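Asks:
Chains as they are written, first to last, in the working numbering: chain A, 15 to 442; chain B, 4 to 616.
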């Protein structure tokens with residue numbers, strides 16, 4: 015007893031250490047091979063139940079001394095009332111413990127999106143298994159169909175494939191990255207509306223021939239929605255364009271071309287190669303210009319007679335990639351002329367897009383509302399102002415500043431003799 | 004009762020407390036034994052005498068109990084003389100040892116024969132001869148064959164005694180010894196002693212004693228000379244740049260190596276003897292006028308307080324003088340490189356060299372010094388920093404990789420890229436064990452290879468590597484017992500542990516990593532975090548000879564640019580603050596005289612432009 019008293023402190027300390035281990039156990043531990051990793055998830059309207067959920071699960075292969083990675087993926091389709099309800103039901107036939115910790119994408123059908131995403135997005139932002147940076151796609155058709163047809167050829171799994179495709183944002187511009195987090199914050203905000211990337215299946219059908227001039231064709235070069243790109247071969251999945259939401263409901267789509275201009279206004283545009291009609295011979299030749307973001311766009315908002323006026327100034331830089339006509343646009347006045355032409359062209363396209371969102375969609379996807387905030391003294395006043403309702407009436411002016419920084423590897427264009435017409439003097 | 008002892012030990016381990024009854028170092032504010040306090044101020048010889056004064060009682064009681072089993076009871080016998088002949092008993096021997104040298108040569112001889120158990124003891128030599136031609140004064144020399152240099156004895160002791168004395172007249176008896184010491188014997192270290200105790204001590208360590216008839220004193224000539232290993236290359240602290248000299252097993256060679264490196268009259272070599280039965284020589288070396296005197300005092304106090312039978316190696320001494328015997332991290336730096344020891348002496352640290360050990364102990368040491376190598380200073384700063392960063396990474400890899408692997412694969416699968424988790428899962432598909440079993444199995448196998456590699460005879464040493472790598476790695480994977488990724492984890496961990504320069508601390512981290520693995524398997528990342536916290540707490544609580552182990556970072560003190568990374572040598576103006584040396588400055592602020600003109604403006608205003616980096 016005496017001894018116990020003496021070393022009591024130590025004994026208690028030691029017991030505490032032992033109990034610490036006993037109380038926790040390894041219950042949180044799960045072996046990697048006990049888990050089934052869901053890489054992508056599709057949500058459609060269900061027939062039997064509320065939802066028709068598709069899980070794309072990685073199939074592990076190899077083992078032993080071969081690190082062959084996974085053999086591919088397997089699709090499980092379950093009808094359930096909720097996403098996690100489907101996950102629970104999956105345990106009835108899946109041997110592994112299905113988990114969403116490595117889920118990279120959620121594809122939502124337009125049917126669901128039109129009804130409103132609000133009721134589903136809460137699951138995604140609250141559940142600890144799903145990351146907020148998971149991509150959220152809207153598809154014009156069935157989400158299950160997208161996952162079924164997505165067979166990445168160059169990568170081993172769709173998770174990696176989607177990450178790579180979304181990385182193209184930096185050099186293509188018509189694939190905006192839209193994560194669950196971004197969409198959620200946009201939906202909550204009284205100053206902007208949400209957009210989501212579009213995904214769709216391209217069946218490789220012959221498209222109808224359009225009766226257009228060259229200038230029109232150039233203008234609509236990337237103006238496609240998923241599934242419309244005239245192409246053969248490759249994966250059947252197209253990721254291009256944007257789904258426009260008003261509130262939590264889908265109201266329309268932006269095609270690839272519009273998406274690029276949308277990105278410019280948002281400031282998330284990085285760089286992309288554009289094709290323009292030649293300013294002097296618009297029906298004959300094309301210009302290929304790489305356009306980069308010079309600076310973030312400057313957006314100013316003010317109220318004149320209680321009407322919001324938004325001024326958007328874009329700062330772009332350009333690099334000439336090709337001048338098919340051979341006209342020497344690089345030098346002196348010609349360069350200035352080209353710059354002005356490009357500025358006008360881009361301004362016109364953006365104005366068109368802005369008025370489309372104002373008139374057709376009535377949805378401030380650009381987030382101009384965020385800039386009007388400083389005109390209000392309190393948050394409450396701003397909320398009461400109801401910007402989103404007033405967006406269609408806003409006066410929005412766009413101003414583009416473009417500078418040609420580089421002319422590629424050539425500093426002087428030599429016109430091909432065949433292109434010359436009647437000794438026309440081009441170089442001044 | 005045994006259980007209580009265990010409890011006590013465990014408690015002390017957990018609460019970092021030393022058992023007060025056993026050893027009390029000043030660091031804990033525990034009162035020392037009163038005699039120890041005195042010892043600190045006394046010289047080593049005084050102390051030795053005192054030990055012997057109190058000894059006879061002990062041995063008395065011993066011999067009374069078991070007069071015939073003396074050799075077995077030697078543990079409690081605190082005297083130098085070990086051998087006992089059948090006729091004499093212990094008391095008699097002790098008595099003899101404490102006797103003075105007799106005037107009668109025959110008595111002396113008889114006494115020595117008893118002490119050394121002659122003629123049973125075969126390597127003790129007594130050579131009798133005559134000196135002084137006109138009379139026939141008898142004399143003899145006593146030495147131990149094998150540890151004396153025969154040539155020295157023949158040429159410098161016997162020859163002058165027998166030849167030169169023949170030429171001179173007989174001197175007065177009382178002065179014979181003085182006369183021989185001053186005029187006859189060539190030996191460079193000759194002492195006069197009049198107690199057997201002193202004589203025997205010297206003879207036991209290669210001295211030659213000269214006894215002359217009718218003299219109540221004896222001469223001891225230093226004639227040490229035995230077969231020794233020459234100074235070789237460092238085995239465990241190899242460098243590309245820098246000297247390739249290492250300490251060897253001879254104390255005098257080692258002190259000489261340090262003397263050679265530090266040509267300074269202020270360098271002090273204090274000699275002590277510890278181990279009551281063995282009397283091992285210990286040299287404590289430091290630079291007087293630089294080192295903090297209380298540090299030297301503390302080192303001497305700890306060394307002198309050691310009361311044991313035999314201290315034969317630096318590793319044993321280390322365990323006797325270290326502050327925290329149960330902690331993972333060592334608190335004494337061990338080096339086999341004279342250049343490294345010298346640099347520490349010049350920093351104001353104390354070097355302890357023990358006879359028979361090719362390693363020098365350096366106290367106090369900090370955790371950061373344990374992570375440095377001498378080459379860090381010989382290489383240019385950018386290269387040295389590259390290597391140091393590599394080493395820091397290696398420490399973390401060595402401690403935590405298996406733990407992180409276990410934590411990630413069992414708790415935090417979401418933390419790694421999808422491709423990697425799929426690859427890991429695929430590789431683990433055929434493995435029948437949980438990850439933790441797999442990891443422990445491979446780590447254990449790796450440690451076995453390592454231990455076997457050290458113990459295995461040289462001839463088959465190479466096979467161990469092949470067996471380890473091929474059989475265990477390749478076959479275990481093919482058999483589906485472990486996953487290939489784990490082999491990488493174990494191999495990288497092993498490799499990293501070899502990159503840790505200090506052998507002791509490498510050991511410490513090897514052990515710690517098992518704890519981290521277990522923690523990771525139980526608590527995941529939380530366990531690793533908790534483990535790191537505990538490890539850090541333990542290390543912060545540790546001291547080495549009064550210096551906190553983590554200084555100058557924990558506690559934060561003034562520090563030069565040489566902790567984890569190092570600045571250029573010319574920016575290291577001050578010696579470590581924690582050593583509190585008498586001379587703080589290593590060099591002036593502008594140590595490169597040739598850059599002075601360029602920086603004239605700054606130099607005059609007393610600014611230090613060079614310290615920017």
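Here a beta-carbon is modelled for each residue, glycine too, at the ideal position from N, C-alpha and C. Nothing here was measured: the structure is a model prediction, and the numbers come from that model.
Can you list, in chain order, the residues of its chain whose CB lies under 8 Å from that of residue 148(B), leaving out five sequence neighbours each side?
Replies: Counting only Cβ-Cβ distances below 8 Å, and skipping sequence neighbours, we find 126, 127, 128.
Asks: Quick one: grab the DSSP three-state call for residue 214(A).
Replies: In this structure, residue 214(A) counts as strand in the three-state DSSP scheme.
Asks: Give me the Cα-Cα distance between residue 352(A) and residue 280(A), rounded to the nearest whole angstrom.
Replies: 25 Å
Asks: Would you kindly work out how many angstroms separate the C-alpha atoms of residue 412(A) and residue 354(A), rounded to a whole number?
Replies: 14 Å
Asks: Give every residue of the same chain whose Cβ lies closer than 7 Å to the Cβ of residue 146(A), excluding the five residues on either side of it in the sequence, and list them in chain order.
Replies: 139, 193, 194, 195
Asks: Below 7 Å on C-beta distance, what does residue 72(A) contact in chain B?
Replies: 425
Asks: Would residue 364(A) pass as a contact of residue 382(A) if the rule is Cβ separation under 8 Å?
Replies: no
Asks: Excluding the 5 residues flanking residue 321(B) on each side, which residues of the same chain have their C-beta closer than 8 Å to its C-beta?
Replies: 333, 335, 337, 364
Asks: Identify the residues that DSSP records as bridge partners of residue 221(B): which are they?
Replies: In the DSSP output, where bridge partners are listed per residue, residue 221(B) has 196(B), 214(B).
Asks: Along the stretch 510 to 536 of chain B, what residues have a CB closer than 8 Å to any CB found in chain A?
Replies: 524, 525, 526, 527
Asks: Report the start-end ranges of each alpha helix (DSSP H) in the stretch 247 to 290 of chain A that is 4 residues or longer and not cut off at the edges.
Replies: If one requires a minimum length of 4 residues, the alpha helix (DSSP H) runs lying completely within the stretch 247 to 290 of chain A are 270 to 280, in chain order.
Asks: Under the rule that 16 or more other beta-carbon atoms within 10 Å means buried, what is residue 235(B), buried or exposed?
Replies: exposed
Asks: Assuming residue 493(B) contacts residue 445(B) (C-beta within less than 8 Å), just tell me the rounded distance between them.
Replies: 5 Å
Asks: Note down, in chain order, each residue of its chain lying with its Cβ closer than 8 Å to the Cβ of residue 480(B), except the 5 sequence neighbours on either side.
Replies: 486, 487, 490
Asks: Closest to residue 128(A) by CA distance: which of 136(A), 112(A), 116(A), 152(A) is it?
Replies: Taking each of 136(A), 112(A), 116(A), 152(A) in turn and checking the Cα distance to residue 128(A), the smallest one comes out for 152(A).
Asks: When DSSP builds the beta bridges, which residues end up paired with residue 128(B)?
Replies: Answer by DSSP bridge pairing, in chain order: 146(B).
Asks: Between which two residues does the beta strand (DSSP E) containing residue 275(B) stretch?
Replies: Annotation for residue 275(B): the continuous beta strand (DSSP E) segment containing it runs 270 to 277.
Asks: Among the residues of its own chain, which have a CB less than 8 Å from the CB of residue 533(B), if the five just before and after it don't count?
Replies: These residues qualify, in order along the chain: 522, 526.
Asks: Could you tell me the distance, in whole angstroms, from the CA atom of residue 332(A) to the CA atom of residue 284(A)?
Replies: Using only the alpha carbons, I get a separation of about 12 Å.
Asks: Can you tell me where the beta strand (DSSP E) with residue 120(A) in it begins and where it stops?
Replies: 119 to 123
Asks: Excluding sequence positions up to five away, which residues of its chain have a Cβ less than 8 Å from the Cβ of residue 191(B)?
Replies: 225
Asks: Give me the Cα-Cα distance between residue 66(B) and residue 23(A), rounded to the nearest whole angstrom.
Replies: Residue placement at residue 66(B) cannot be trusted, given a pLDDT of 40 that sits under 50; what the coordinates show is reported in the next sentence. Near 45 Å, if we compare the C-alpha coordinates of residue 23(A) and residue 66(B).
Asks: Taking the CB atoms as reference points, tell me whether residue 66(A) and residue 91(A) lie closer together than 8 Å.
Replies: Yes, the pair counts as a contact, with Cβ atoms nearer than the cut-off.
Asks: Of all the residues that make up the stretch 41 to 52 of chain A, which are near chain B by a beta-carbon distance shorter than 8 Å?
Replies: 42, 43, 44, 45, 46, 47, 49, 51
Asks: How long is the line joining the alpha carbons of residue 73(A) and residue 51(A), rounded to whole angstroms?
Replies: 8 Å
Asks: List in chain order: all unbroken alpha helix (DSSP H) runs of 4+ residues lying wholly within the stretch 547 to 603 of chain B.
Replies: none
Asks: Counting only Cβ-Cβ distances shorter than 8 Å, please list the residues of the stretch 146 to 175 of chain A near chain B, keeping chain order.
Replies: 170, 171, 173, 174
Asks: Below 8 Å on the Cβ atoms is my guess for residue 232(A) versus residue 134(A); work out the distance and round it to an integer in Å.
Replies: With 8 Å as the limit, residue 232(A) and residue 134(A) do not qualify as a contact, their Cβ atoms being about 40 Å apart.
Asks: For residue 611(B), which of helix, strand or coil comes out of DSSP?
Replies: With a pLDDT of 48 at residue 611(B), under the threshold of 50, the predicted position of this residue should be treated as unreliable, though the coordinate-derived value follows. Residue 611(B) falls in the coil class under three-state DSSP.
Asks: So with CB distances below 7 Å, who are the chain B contacts of residue 66(A)?
Replies: Neighbours of residue 66(A) on chain B: none; closest Cβ ~25 Å, over 7 Å.
Asks: Which of helix, strand or coil does DSSP assign to residue 503(B)?
Replies: coil
Asks: Quick check on residue 81(A): does DSSP put it in helix, strand or coil?
Replies: Confidence is the limiting factor: at residue 81(A) the pLDDT is only 43, short of 50, which leaves the residue's position unreliable, though a coordinate-based value still follows. Residue 81(A): coil per DSSP, three-state reduction.
Asks: Under 7 Å between beta-carbons, which chain A residues line up against residue 437(B)? List them in chain order, please.
Replies: 45
Asks: Where does residue 545(B) sit, in a helix, a strand or coil, going by DSSP?
Replies: Residue state, collapsed to three classes: coil.
Asks: Assuming residue 122(A) and residue 100(A) form a contact by the criterion Cβ under 8 Å, report the distance between their Cβ atoms to the nearest whole angstrom.
Replies: With 8 Å as the limit, residue 122(A) and residue 100(A) do not qualify as a contact, their Cβ atoms being about 14 Å apart.
Asks: Kindly indicate the opening and closing residues of the beta strand (DSSP E) around residue 311(A).
Replies: 300 to 318
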